[in-house]
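> Below: one structure in structure tokens.
Residue numbers (my numbering), protein chains in the order written: chain A, 1 to 115; chain B, 116 to 228.
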């Protein structure tokens, strides 16, 4: 596709269940970012992948959160034993060029609601 | 990490220019200034970026203070479609591999018809 694709666009789950959110970056983009955005809030950095380097996981809020990326393609964000405070929009972005000048392209997000 | 400060909200009349300020008093010499905007129910989109000189593109202009401690995003003629949250962020040219890119809460711009 032409842009960053995220799925599902909406997910409603029960507290305690595991969820997986998927991000398909733009082809050829080496950098991939995950953010969380709670209602009315700014973007909270979660994790960053750049090529084959070790990901920067410093933004993950707890060990219930994990993310993987296969090479320079699809990434999956997994939230285990979901809690109500995990309810948010999860945004993925990719970038062609790491470093300061690379424009980030965002997907439309996956809205997670934990009941 | 260098931080940015923006007003929480601004209003502007349609078809008038809009000046959105951003303060970044702790900016380092290798920090680029980037602006993104987030339309309702969408992911953020890139608007413009600069280092030292003022920049223009089809969406907006970026005016950077001589000491680089502040910048202003200029929308020359606001339309209703420009209603969005505008984020000013700093990206360190030398800090690749540590791209935490904190967006903050931005400025919510309301356009009055």
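For each residue, glycine too, the CB sits at the ideal point set by N, CA and C. Being a predicted model, the structure only gives us computed values, none of them experimental.
1. With a threshold of 16 other CB atoms inside 10 Å of the CB of residue 196 of chain B, please say whether the residue is buried or exposed.
2. Pick helix, strand or coil for residue 183 of chain B, following the three-state DSSP scheme.
3. Going by the beta-carbon positions, is the gap between residue 20 of chain A and residue 76 of chain A smaller than 7 angstroms?
4. At the level of alpha carbons, what is the spacing between residue 43 of chain A and residue 17 of chain A?
5. Taking the beta strand (DSSP E) that residue 46 of chain A falls in, what are its first and last residues?
6. Any beta carbon of chain B sitting closer than 7 angstroms to that of residue 43 of chain A?
7. Identify, in the order they occur along the chain, each residue of the same chain with its Cβ nearer than 6 angstroms to the Cβ of residue 136 of chain B, setting aside the five sequence neighbours on each side.
8. Reducing DSSP to helix, strand and coil, say where residue 21 of chain A ends up.
9. Can you name, in chain order, every residue of its own chain whose Cβ lies under 6 angstroms from the Cβ of residue 89 of chain A, other than the five neighbours on each side?
10. Any C-beta of chain A sitting closer than 7 angstroms to the C-beta of residue 201 of chain B?
11. Along the chain, where does the beta strand (DSSP E) that runs through residue 12 of chain A open and close?
12. Of the residues that make up the segment 122–134 of chain B, which ones have a beta carbon closer than 9 angstroms to any beta carbon in chain A?
13. List the whole-angstrom C-beta distance separating residue 119 of chain B from residue 190 of chain B, where the pair is believed to meet the contact cut-off of C-beta under 8 angstroms.
14. Does the CB of residue 216 of chain B have a neighbour CB from chain A at under 7 angstroms?
15. Any beta carbon of chain B sitting closer than 7 angstroms to that of residue 107 of chain A?
16. Between residue 120 of chain B and chain A, is the shortest Cβ-Cβ distance under 7 angstroms, so that the two count as touching?
17. Give the DSSP bridge partners of residue 56 of chain A, in chain order.
18. Can you list the residues of chain A that residue 225 of chain B reaches, using a CB-CB cut of under 8 angstroms?
19. Going along chain B, which residues have a C-beta under 8 angstroms from residue 14 of chain A?
20. Kindly indicate which three-state DSSP category residue 130 of chain A falls into: helix, strand or coil?
21. Measuring only between beta-carbons, confirm whether residue 155 of chain B sits less than 7 angstroms from chain A.
22. Return helix, strand or coil for residue 111 of chain A, following the three-state DSSP convention.
23. Any beta carbon from chain B within less than 7 angstroms of residue 60 of chain A's own beta carbon?
24. Measuring only between beta-carbons, confirm whether residue 219 of chain B sits less than 7 angstroms from chain A.
The relevant details are as follows:
1. When all chains shown are included, residue 196 of chain B counts as exposed.
2. Correct three-state label for residue 183 of chain B: coil.
3. Yes; because the gap between Cβ atoms is below 7 angstroms, this pair is in contact.
4. Take the alpha-carbon of residue 43 of chain A and the one of residue 17 of chain A: they are about 24 angstroms apart.
5. Taken as a continuous stretch (DSSP letters only), the beta strand (DSSP E) holding residue 46 of chain A covers 44–50.
6. Yes, its Cβ sits closer than 7 angstroms to a Cβ of chain B.
7. These residues qualify, in order along the chain: 187.
8. Per DSSP, reduced to three states, the secondary structure at residue 21 of chain A is strand.
9. Same-chain partners within the cutoff: 37, 109, 111.
10. Chain A, which has no Cβ nearer than 7 angstroms to the Cβ of residue 201 of chain B, makes this no.
11. Here the beta strand (DSSP E) through residue 12 of chain A covers 10–13.
12. Residues: none.
13. About 18 angstroms; that fails the 8 angstroms criterion.
14. Yes - at least one Cβ of chain A is within 7 angstroms of the one on residue 216 of chain B.
15. Yes, residue 107 of chain A counts as interfacial toward chain B.
16. Not one chain A Cβ lies under 7 angstroms of residue 120 of chain B.
17. For residue 56 of chain A, DSSP records a beta bridge to A:48.
18. Simply none; closest approach about 15 angstroms.
19. What residue 14 of chain A touches in chain B: nothing, since even the nearest Cβ is about 25 angstroms away.
20. Absent from the structure is residue 130 of chain A, since the part of chain A shown begins at 1 and ends at 115.
21. Taking Cβ atoms only, chain A never reaches closer than 7 angstroms to residue 155 of chain B, which makes this a no.
22. Correct three-state label for residue 111 of chain A: strand.
23. Output row for residue 60 of chain A: interface = no.
24. For residue 219 of chain B, the nearest CB of chain A lies under 7 angstroms from its own CB, placing it at the interface with that chain.
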